[in-house]
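Structure record follows, encoded as structure tokens.
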Ligand code: IPM
Ligand code: MG
């Protein structure tokens, strides 16, 4: 019996290739694990009307952790598009499998470290070392959406809202509604996760990202919760910024940020921005972490135009595998993988096209593996 069971969910597009790269590194690190393939992605949406089939959900209920590649969420070909419409006519609607997975398994922490590894020609500035905690289950991703808005809800909203509300005299089919839902519990657990991480890792500052000056109810709750939790951590400074100003400050002074915590959508936005500061999506790794299960992935998509070319940078996925090892408690193996990645970047001999080289996806994985 192997020590760990890992669900292996390549998905589609370059997801398949980057996961193959991560496997080379994990094998070399000799992780005592059984890897179990799970069906997920566009192919299963077309075949079965479900991109995240029940059998994959059951698999995730019985593993220690999972690695996930990427999923194409738009039709690649016209024919597939027609099929999707036909399936929709039968009552199927497409929902992003990763968003569903995060909610179904309550993977409430989206952990996204962004570090400028020395020697990376794509670093925006040296010495950037940010860790983003993105709430992962609620906010504008709650999935409470209406288009058209049902009449009973539309009239209730008109009744409850201010006289100048723009939809006041509209019918429900004249507007759409996406609800931003933030619970006290949801705010508390992600903010606490950020502070606990700061405490354990000797980080000095937690920056809270919001738009509480306008979005008073939900973001106000997030900010107030943060202020009260911060009092429990006297050694850590808390500051905060509105999301718009935050994007500007992140570009101006990325080195002055340390740990950041944000509701779901703002976290999504700043994590792409922060990934670009340290080399782009080829370096953006991500952990979707709950109390029982965690799923690790690169934060990039399936890049259909590169699919099958073994061209994209697998470093994000290799670093996601490193995060998985940390989560499993295999911290020595995790540290040696990170060290090996840092060495490959520093030496600069094996680089994919985004870094100005001509190495292929698996060449990077082999170069990392050789250093283990
Ligand atoms: C991410 C992605 C996803 C998200 C998409 C693919 C649904 O952008 O993981 O950041 O919005 O969360
Ligand atoms: Mg994103």
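Residue numbers (our numbering): 14 to 385.
All residues carry an ideal CB built from backbone N, CA and C; glycine is no exception.
As the structure is a prediction and not an experimental result, all values here were calculated from the model.
Counting along the chain, residue 277 sits inside the alpha helix (DSSP H) bounded by residues 277-290. Burial check for residue 25: the Cβ neighbour count within 10 Å reaches 16 or more, so the residue is buried. Using a C-beta cut-off of 8 Å, the stretch 290-297 makes no contact with the stretch 52-60, since fewer than three inter-stretch Cβ pairs fall below that distance.
Pairing residue 309 with residue 114, the inter-Cα distance amounts to about 12 Å.
The straight-line gap separating the alpha-carbon atoms of residue 159 and residue 190 is approximately 5 Å. In this structure residue 342 is exposed. Its beta-carbon is surrounded by fewer than 16 other beta-carbon atoms within 10 angstroms. Within the same chain, and ignoring the five residues on either side of residue 153 in sequence, the residues whose Cβ sits closer than 7 Å to its Cβ are 191, 193, 277 and 278. Close CB contacts of residue 370 within its chain, under the 6 Å cut and outside five residues either way in sequence, are with 364 (chain order). For residue 147 against residue 281, the beta-carbon gap comes to about 7 Å, under 8 Å, which counts as contact. In the three-state DSSP reduction, residue 142 falls in the strand class (E or B). Contact check for residue 311 against residue 83 passes: the beta carbons are separated by less than 9 Å. Taken in chain order, the complete alpha helix (DSSP H) segments of 4 or more residues contained in the stretch 110-196 are 110-117 and 164-173. Rounded to the nearest whole angstrom, the CA to CA distance from residue 86 to residue 156 is 16 Å.
Residue state for residue 44 is assigned as coil, using DSSP reduced to three classes. The stretch 202-219 makes no contact with the stretch 165-177: fewer than 3 CB pairs, one atom from each, lie closer than 8 Å.
Inter-residue distance for residue 360 and residue 67 is about 45 Å (C-alpha atoms, whole angstroms). Judged by DSSP secondary structure, residue 315 falls outside any beta strand (DSSP E); it is assigned neither H nor E.
Ranking 138, 28 and 41 by CA distance to the CA of residue 80 puts 28 first. If you compare the alpha carbons of 362, 55, 254 and 234 with that of residue 134, the shortest gap goes to 362.
With a cutoff of 9 Å on beta-carbon distance, residue 127 and residue 297 are scored as near each other. Residue 315 is classed as buried because its beta carbon has at least 16 other beta carbons within 10 Å across all chains shown.
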